[in-house]
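Residue numbers for the sequence shown follow the numbering used here, so the first one is 32 and each next one is one higher.
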Amino acid sequence: MDQELRLMVSQWLADSDVLNKVDSNTYNLILIVLCLSLAGISYWVVKRVVVRAMKIMSVRSKVTWDDTFVAHGVLEKFALLVPLLVIDLLLPLFTVLSSFITEVFGRILSALLVILLIRGIYAVLNAIAQIADEHTATHRLPITSFNQLLKLFLFCVAAIITVSILSDRSPIYFLSGLGVATGFIMLIFKDTILGFVAGIQLATNQMVTRGDWIQMDKYGADGTVEEVSLTTVKVRNFDKTITMIPAYALVSDAFKNWRGMTESGGRRIKRSVFIDIQSIGFLSEEDVRRLSHVHLLKNHLADKNLAIKTFNLPFNDDERAVNSRGLTNIGTFRAYLLAYLQQHPQVRKDMMLLVRQLAPTTQGMPIEIYIFTDEIRWAFYEDIQADIFDHILSVLPTFGLQAFQQPSGNNLQALMTKEA
């Protein structure tokens, strides 16, 4: 088409005898001024009229996604294509220039058009990524990774097209040459390729998504994932520090993701209270009568007393504890804890609820509570846990039990005073 336009312009100039009236330098200068003027005017019209009108429309519209496109400068970036298209269209008018120079300028303009077009598409992708990132339905998707992957693909395509335009060769020629350089590329960019592949694996399998609470002691990460890219994962720790973890580390090493806890709606409490073994013993009849007034123990004590009396019938004349069964304070305490937790309003009944006795240690007899609260927020979860154990420690004397603790200064002073 350029050749046809050049022939038409040459024929028109010959018929009008313009070249005989003005010299070639003056003619080129006039064309350059005219070409640049038209390019500048076209850009001004698009920028001041079209772009401004579309911005006004986006402000007045009820939707918000168009404001995101405006904020990322999508319109301005595509507006830069207009003057280049005008110059490329008017380039065949320079008939006095050699076809070689015209062709070189044409290639440069075409390459610039490709670069500016990709730049505009990048802005569109950034706007779409922000819209998807702010949307509730797609908030947890690895938008950043997909955006970077698509940008990388477009960059490779644009680079091949640009080089093929400038060198006047087919893009297939450069694609065939990539096979030879693959070995060198893999050797030089080994870490980058590993991170790239791991980033794709993390994104597609959703092993880590934005908003997850992950814990990876090897890298000192314990916090919320803020960004998942193709090569790194950004974690904001609870102490407000930032940890950047290589993507391939999350694939090759072990880490803990607390997403399951968040999705289940229950957070685990697994803590023990240590009972002084010297305070463990059988309940007397007076203790049983006193504890029978505890609302949570009425049914338990009634059932246990019946079972114990039935078992002890053959041993009526033998009151020794080794020959009969009896209620212990620690067993009754465990039954009380189980009933207390089962009626607690903030303990999940549809999840594991367990009160168990662990193996004795040098610190006493551990009674472990294994439950799930209905609150996963940290501060509220800690309040629930503290309230439960405050109650547990407070009711221990009711059962004649004592919590074990290491001797302190006051304990040692009281012991020395007693001995004195």
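For each residue, glycine too, the CB sits at the ideal point set by N, CA and C.
Note that this is a predicted model, so its numbers are computed, not measured.
Between residue i and residue j, how many whole angstroms is the CB-CB distance? I'm expecting something under 8 angstroms.
| i | j | result |
| --- | --- | --- |
| residue 243 | residue 228 | With a Cβ gap of about 21 angstroms, residue 243 and residue 228 do not count as contacting. |
| residue 163 | residue 174 | 5 angstroms |
| residue 102 | residue 77 | Not really, about 19 angstroms apart at Cβ, beyond 8 angstroms. |
| residue 259 | residue 280 | Not quite, the Cβ-Cβ distance comes to about 13 angstroms (not below 8 angstroms), so this is no contact. |
| residue 246 | residue 287 | 4 angstroms |
| residue 285 | residue 262 | Actually they are not in contact, since the Cβ atoms of residue 285 and residue 262 sit about 20 angstroms apart, beyond 8 angstroms. |
| residue 118 | residue 70 | 5 angstroms |
Starting from the C-beta of residue i, find all residues in its chain whose C-beta is less than 6 angstroms away, skip the five residues before and the five after it, and write them out in chain order.
| i | result |
| --- | --- |
| residue 397 | 303, 305 and 389 |
| residue 322 | 328 |
| residue 112 | 147 |
| residue 431 | 360 |
Quick check: the Cα distance between residue i and residue j, rounded to an integer number of angstroms?
| i | j | result |
| --- | --- | --- |
| residue 81 | residue 188 | 30 angstroms |
| residue 383 | residue 311 | 27 angstroms |
| residue 232 | residue 160 | 19 angstroms |
| residue 114 | residue 74 | 6 angstroms |
| residue 32 | residue 116 | Per-residue confidence for residue 32 stands at a pLDDT of 49, beneath the threshold of 50, marking its modelled position as unreliable; the derived number appears in the next sentence. If I take the Cα positions, the gap works out to 15 angstroms. |
| residue 166 | residue 156 | 15 angstroms |
| residue 307 | residue 356 | 22 angstroms |
| residue 414 | residue 400 | 16 angstroms |
| residue 64 | residue 181 | 40 angstroms |
| residue 122 | residue 193 | 19 angstroms |
| residue 293 | residue 359 | 39 angstroms |
| residue 141 | residue 197 | 9 angstroms |
| residue 250 | residue 276 | 7 angstroms |
| residue 94 | residue 87 | 13 angstroms |
| residue 335 | residue 248 | 48 angstroms |
| residue 378 | residue 333 | 26 angstroms |
| residue 266 | residue 290 | 14 angstroms |
| residue 179 | residue 224 | 14 angstroms |
| residue 364 | residue 317 | 16 angstroms |
| residue 120 | residue 67 | 12 angstroms |
| residue 205 | residue 100 | 35 angstroms |
| residue 412 | residue 264 | 27 angstroms |
| residue 362 | residue 270 | 42 angstroms |
| residue 185 | residue 149 | 7 angstroms |
| residue 345 | residue 366 | 27 angstroms |
| residue 319 | residue 376 | 28 angstroms |
| residue 427 | residue 386 | 15 angstroms |
| residue 338 | residue 254 | 52 angstroms |
| residue 391 | residue 410 | 32 angstroms |
| residue 331 | residue 381 | 22 angstroms |
| residue 283 | residue 272 | 24 angstroms |
| residue 151 | residue 72 | 21 angstroms |
| residue 429 | residue 340 | 24 angstroms |
| residue 221 | residue 241 | 26 angstroms |
| residue 62 | residue 143 | 21 angstroms |
Excluding the five sequence neighbours on either side, which residues of its own chain have a C-beta within less than 8 angstroms of the C-beta of residue i, listed in chain order?
| i | result |
| --- | --- |
| residue 201 | 195 |
| residue 424 | 304 and 434 |
| residue 145 | 189, 192, 193 and 196 |
| residue 79 | none |
| residue 393 | none |
If you measure from the CB of residue i, is any heavy atom of the ligand SAM nearer than 7 angstroms?
| i | result |
| --- | --- |
| residue 119 | The ligand SAM is not part of the structure shown, which contains no ligands of any sort. |
Could you tell me which residues DSSP puts in a beta bridge with residue i?
| i | result |
| --- | --- |
| residue 303 | 399 |
| residue 275 | 265 |
| residue 253 | 246 |
| residue 259 | 264 |
| residue 288 | 245 |
| residue 388 | 398 |
| residue 313 | 359 |
| residue 378 | 404 |
| residue 434 | 306 |
| residue 298 | 404 |
Give every residue of the same chain whose Cβ lies closer than 7 angstroms to the Cβ of residue i, excluding the five residues on either side of it in the sequence, and list them in chain order.
| i | result |
| --- | --- |
| residue 154 | 103, 104, 105 and 108 |
| residue 230 | 176, 260, 261, 262 and 278 |
| residue 57 | none |
| residue 395 | 305, 306, 307, 308 and 435 |
| residue 97 | 89 |
| residue 313 | 352, 357, 358 and 359 |
| residue 135 | none |
| residue 239 | 233, 245, 256, 259, 264, 281 and 288 |
| residue 91 | none |
| residue 158 | 99, 100, 103 and 105 |
Quiz item: Using 8 angstroms as the Cβ pair cut-off and three pairs as the minimum, do the segment 410-427 and the segment 367-376 touch?
Solution: yes
Practice problem: Assess, as a yes-or-no matter, whether the segment 292-303 is touched by the segment 402-410 under the definition of 3 or more beta carbon pairs within less than 8 angstroms. | Solution: yes
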